[in-house]
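A short worksheet on the structure shown next.
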Amino acid sequence: MTDQGEVAVVRRPGSFTSAESELTGLLAAYHLQTEAEKGNAVADVDELPDRYRAEVSDPRSAFADDVVLLAHKGRTGVGCLVMTAPADGRSEVKRLWTAPAARGQGIASTLLGAALEHAAESGVSTVRLSVWNWRTGAITLYERLGFAVTESWDGRDQLVCMQRTV
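Sequential numbering of the sequence shown, starting at 271, is according to this note's numbering.
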């Protein structure tokens, strides 16, 4: 990454207190925004569904087997991405989020590029992800980076499943 900041790979988010705090804030913003977009707006993290609240309150446990990428601009965390541990030659991208004030600066592209690089180094052959169909900007980004819509592995309505080979 150039002047946008640098991407750091944190394998154990809890091993670095500042990284865990940054990740917690980014995950909270991601989940609160997503719930609002789904029509389930909540006032704070305590009102999130249990599984999302668990990610925010204890990312160390929630992502213990996964790789977490954090994007920094200067000393500030401005984006995150979780890459699940490989299974059957596949990994999944989850929780891609760029802080609203940092959007349009290539942060998400850089995080995805780092995730794809990590996948290749880990012997992963396919990376997949799911995205809500109203997030058209994200879908455009994924398509630009070689992801294609595929048959859904998730039964939730309005969820688009995508994948690409590494």
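The beta-carbon is built from N, C-alpha and C at its ideal position, and this holds for glycine as well.
task = Determine, using beta carbons only, whether ALA369 and GLY383 come nearer to each other than 9 Å.
result = No, Cβ-Cβ distance for ALA369 and GLY383 is not below 9 Å.
query = Below 8 Å, can you find three or more Cβ-Cβ pairs linking the region 338–354 to the region 304–314?
reply = Fewer than three beta-carbon pairs drawn from the region 338–354 and the region 304–314 are found closer than 8 Å, and the two stretches are therefore not classed as touching.
key: Extent of the continuous beta strand (DSSP E) to which GLU362 belongs   = Segment 360–368, the beta strand (DSSP E) holding GLU362.
ask   = If GLY416 and ARG434 are in contact, beta carbons under 8 Å, what's the gap, nearest whole angstrom?
value = With 8 Å as the limit, GLY416 and ARG434 qualify as a contact, their Cβ atoms being about 4 Å apart.
key: Beta-carbon contacts of ILE377 that lie in its chain and below 7 Å, excluding the five residues immediately before and after   = Excluding sequence neighbours, ILE377 sits near GLN274, ALA341, VAL348, GLY349 and THR368.
request  = Since I believe SER400 is in contact with ASP424 (beta carbons under 8 Å), could you give me their beta-carbon distance rounded to a whole number of angstroms?
outcome  = Their Cβ separation, rounded to whole angstroms, is 5 Å, which keeps ASP424 and SER400 in contact under 8 Å.
key: Span of the beta strand (DSSP E), counted from its first residue to its last, around ASP338   = Checking the sequence shown, residue 338 turns out to be Val, not Asp. Per DSSP, VAL338 belongs to the beta strand (DSSP E) from 337–343.
key: 8 Å Cβ shell around GLY393 - same chain, five flanking residues per side excluded   = Cβ neighbours of GLY393 beyond the five flanking positions: PRO356 and GLY359.
TYR412 and ARG365 closer than 9 Å at C-beta = Judged by their CB atoms, TYR412 and ARG365 are not nearer to each other than the 9 Å cut-off.
Beta strand (DSSP E) segment containing LEU429, residue limits = 429–435 is the span of the beta strand (DSSP E), which, as asked, contains LEU429.
request  = Check whether the Cβ atoms of VAL363 and ALA385 sit closer than 9 Å, and answer yes or no.
outcome  = Yes, the Cβ-Cβ distance between VAL363 and ALA385 is below 9 Å.
8 Å Cβ shell around SER327 - same chain, five flanking residues per side excluded = The residues THR294 and VAL315, in chain order, have a CB closer than 8 Å to that of SER327 in the same chain once the five nearest residues on each side in sequence are set aside.
task = With a cut-off of 8 Å on the beta carbons, I'd call GLU305 and LEU297 a contact; round off their distance for me.
result = 12 Å between Cβ atoms; not a contact.
ask   = Taking just the CA atoms, how far does ASP320 sit from ARG345?
value = If you take the alpha carbons of ARG345 and ASP320, they lie about 31 Å apart.
inquiry  = By alpha-carbon positions, which one of LEU351, GLU290 and THR380 ends up nearest to PRO329?
reply    = Per the C-alpha coordinates, the member of LEU351, GLU290 and THR380 positioned closest to PRO329 is GLU290.
THR346, DSSP secondary structure in three states = Strand at THR346.
task = Decide if ALA389 is buried, meaning its Cβ has at least 16 other Cβ atoms within 10 Å, or exposed.
result = With 16 or more other Cβ atoms from the protein chains shown falling within 10 Å of its own Cβ, ALA389 counts as buried.
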